[in-house]
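As structure tokens, the structure follows; a few thoughts come after it.
Residue numbers (the working numbering): 244 to 990.
Shown next, in the form of structure tokens:
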């Protein structure tokens with residue numbers, strides 16, 4: 244066996260041992276079998292294939308390797324061909340570059356030679372023309388001198404012609420061009436005449452420029468031109484600046500006088516717009532133009548001169564703002580509708596923007612427009628509140644004059660509340676123009692806060708509602724022909740209750756939403772809504788008291804007239820209930836119906852079983868629970884029993900507060916009515932049939948009054964007292980049998 248074969252066998256054994264025990268020296272075993280790796284071992288790879296694959300797999304592997312080798316050979320051959328082509332192209336390019344560089348070197352050498360020849364020819368020409376150049380320069384200087392002399396001789400004529408043509412800039416240009424020469428040679432006889440003529444013309448020119456500088460209708464361009472030309476003629480910029488300030492102050496004061504005397508044929512928003520338009524186009528525009536023109540003409544003006552301009556402008560604006568405020572307030576009138584406020588706000592916004600432009604030119608931080616607009620907004624808010632109060636007063640006056648006993652008080656409440664709230668809504672819609680998103684001055688947070696909280700909430704809403712509650716309360720004090728209908732009084736009491744319970748708070752929430760006031764905000768010493776609702780509650784209470792007094796007064800008067808119209812000593816035996824008693828029940832029924840439409844029932848005491856039987860008008864004889872129905876004649880003569888009954892009866896309060904419910908209202912009227920009936924009885928003297936008529940009337944009232952009251956015992960007590968008083972005032976106190984009384988009343 245050869246030495247090489249021995250080495251191969253040894254290597255194979257080592258590889259097999261290494262694979263068996265998992266031993267690697269410097270490289271991983273997997274790298275030995277990676278055909279593309281740098282540590283690939285062909286023998287180990289073949290041995291592994293022989294051991295792990297079948298013959299068919301070996302044949303397939305061999306074919307695969309052959310294909311890969313052929314593919315690699317083909318790719319290698321392609322790369323060789325491509326590189327060979329590139330090499331050939333590079334060789335051709337280098338050869339072409341060598342040829343081009345050779346051509347360029349030849350052309351550069353030729354160019355150098357040509358430039359050398361040109362320089363030689365130029366030197367020859369310059370030397371040949373040296374003498375002629377000196378002669379030409381001398382002649383040129385002589386020509387320029389003659390030309391200047393000719394200009395000097397023609398200068399007076401040119402100046403005069405330019406001044407006559409009002410071409411002042413050209414005249415100044417001519418004079419400035421020759422001024423130094425005339426100063427230097429003015430004492431020479433040949434130039435003294437020219438200088439004197441020019442001085443006369445320049446004096447005229449200066450006068451024309453001064454006239455243009457002070458002319459009222461001069462444009463800013465002409466003004467700037469005049470100042471510039473006067474400066475070139477030797478005028479002091481300081482004196483011009485002061486004169487400029489004096490002249491423009493007079494012009495601006497004239498604008499102020501015109502605005503102060505401005506009048507309009509109408510007083511409305513359109514008139515305000517016209518006035519503000521005139522103000523912006525005259526005073527503000529002229530002020531801005533004056534400041535801008537001064538800065539353009541005198542950019543290097545001293546601090547003193549500039550301060551004089553600022554003081555003048557500030558003084559004009561300080562005097563302008565009160566004039567604008569006065570005129571706007573005069574022209575806006577008392578009618579504060581939405582269109583009027585929109586026109587007013589548009590006018591104020593335009594004035595605000597123009598004044599801000601002037602303020603920026605002055606570089607001032609004064610808040611002229613903000614103060615003016617805040618003052619105007621406060622005045623407008625006060626007028627809106629006054630106007631709202633006037634509208635409400637007219638509405639109440641109209642209702643008071645034309646009101647009758649409406650059978651639908653609930654519908655009347657809705658109508659009145661709708662009318663009152665409609666006026667508030669119109670006022671608020673008009674005032675929202677001041678805080679529109681498109682309005683420039685309303686973007687100021689301080690203005691929105693002051694306007695919404697102080698002017699609208701406090702000055703309009705709170706103040707107007709307080710006046711409304713006061714107007715409702717004052718209706719209780721009106722007497723005579725201006726006295727309000729009792730039904731209207733009742734309806735207005737319900738209106739006051741609604742404002743107390745929900746309407747005032749709802750309107751406040753609307754204001755807070757529209758004027759950016761935090762909901763429920765109580766800062767800035769704002770009036771709490773509870774103070775307003777408390778006023779309405781008091782007004783409602785006063786109106787209810789007034790209503791009870793009015794209705795009960797009518798009933799008492801009816802009873803008094805009926806009592807006075809009859810002779811109770813000689814009256815005939817009673818056969819029916821008196822008509823006035825029926826009329827009283829009808830009126831109480833009407834009051835009960837109206838009160839039921841506006842107020843809740845209220846709390847009732849438990850009714851007796853007799854009351855339930857009376858509901859069905861039972862014809863059976865009933866046991867009367869009242870003391871007077873079961874007493875005999877001998878017992879009625881004793882006053883001791885009456886006095887004992889009064890001691891144990893409840894005290895009847897006729898002046899107590901009326902609660903806002905139907906039961907309390909009707910009960911208060913019934914109490915006063917029965918008390919009036921009692922007083923009428925105490926003033927009369929009764930015979931036998933007279934007291935029996937009172938007995939029938941009281942029993943009839945007892946039958947039907949229970950349904951309108953929440954305290955039957957109180958009614959029974961008053962009826963008992965009426966009959967007891969009649970018994971005391973009776974000469975022959977004989978009462979009818981209860982059954983007979985019942986038959987008369989139910990018949």
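Glycine included, each C-beta is placed from N, C-alpha and C at the ideal position.
Which residues in the same chain as residue i place their Cβ atom closer than 8 Å to its Cβ, once the five residues preceding and following it in sequence are excluded?
| i | result |
| --- | --- |
| residue 603 | none |
| residue 748 | 772, 776 |
| residue 919 | 795, 798, 799, 802, 803 |
| residue 843 | 904, 905 |
| residue 980 | none |
| residue 582 | 512 |
| residue 916 | 795, 798, 799, 802, 827, 831 |
Exposed or buried, residue i, counting other C-beta atoms within 10 Å across all chains shown (16 or more means buried)?
| i | result |
| --- | --- |
| residue 590 | buried |
| residue 946 | buried |
| residue 841 | buried |
| residue 985 | buried |
| residue 761 | exposed |
| residue 579 | buried |
| residue 608 | exposed |
| residue 612 | buried |
| residue 361 | exposed |
| residue 666 | buried |
| residue 976 | buried |
| residue 310 | exposed |
| residue 806 | buried |
| residue 526 | buried |
| residue 974 | exposed |
| residue 280 | exposed |
| residue 689 | exposed |
| residue 592 | buried |
Between residue i and the rest of its own chain, which residues show a CB-CB distance below 6 Å, the 5 nearest in sequence each way excluded?
| i | result |
| --- | --- |
| residue 615 | 564, 568 |
| residue 907 | 845, 901 |
| residue 646 | 728, 731 |
| residue 925 | 968 |
| residue 987 | 939 |
| residue 990 | none |
| residue 873 | Confidence at residue 873 is low in this model, with a pLDDT of 41, below 50, so the placement of that residue is unreliable and no value is reported for it. |
Do you know whose CA, among the options, lies nearest residue i's CA?
| i | options | result |
| --- | --- | --- |
| residue 954 | 929, 924, 911, 936 | 911 |
| residue 585 | 295, 516, 294 | 516 |
| residue 739 | 715, 728, 754 | 715 |
| residue 783 | 769, 669, 742, 686 | 742 |
| residue 482 | 822, 551, 789 | 551 |
| residue 838 | 905, 814, 812, 572 | 905 |
| residue 983 | 340, 710, 943 | 943 |
| residue 832 | 531, 759, 339, 952 | 952 |
| residue 662 | 821, 684, 683, 632 | 632 |
| residue 514 | 687, 619, 573 | 573 |
| residue 963 | 934, 950, 988 | 934 |
| residue 913 | 570, 927, 770, 950 | 950 |
| residue 557 | 976, 356, 488, 627 | 488 |
| residue 627 | 671, 824, 836 | 671 |
| residue 538 | 570, 370, 606 | 606 |
| residue 921 | 930, 792, 958 | 958 |
Looking only at its chain, what residues have a beta carbon closer than 7 Å to the beta carbon of residue i, apart from the 5 residues adjacent to it on each side?
| i | result |
| --- | --- |
| residue 503 | 566 |
| residue 625 | 702 |
| residue 522 | 502, 567, 594 |
| residue 828 | 947 |
| residue 709 | 775, 778 |
| residue 498 | 525, 526, 529 |
| residue 598 | 527, 611, 612 |
| residue 793 | 729, 732 |
Taking the DSSP output, what are the residues bridged to residue i?
| i | result |
| --- | --- |
| residue 929 | 973 |
Using a Cβ-Cβ distance under 9 Å, would residue i count as near chain C?
| i | result |
| --- | --- |
| residue 911 | Absent from the structure is chain C; it holds one protein chain and no more. |
### Segments of 4+ residues assigned as alpha helix (DSSP H) that fall wholly inside the stretch 912–967
Taking only runs of at least 4 residues, the alpha helix (DSSP H) segments lying wholly in the stretch 912–967 are 931–948.
### Runs of alpha helix (DSSP H) lying entirely within the stretch 747–815, each at least 4 residues, in chain order
List check, alpha helix (DSSP H) in window: 747–757, 772–807.
### Query
What alpha helix (DSSP H) runs, 4 residues minimum, are completely inside the stretch 602–652?
Secondary structure remark: continuous alpha helix (DSSP H) runs of at least 4 residues inside the stretch 602–652, in chain order: 611–645.
### Task
Scan the stretch 515–602 and note each continuous alpha helix (DSSP H) run of 4 residues or more that stays entirely inside, going in chain order.
Counting whole runs of 4 or more residues, the stretch 515–602 contains the alpha helix (DSSP H) stretches 528–540, 546–575.
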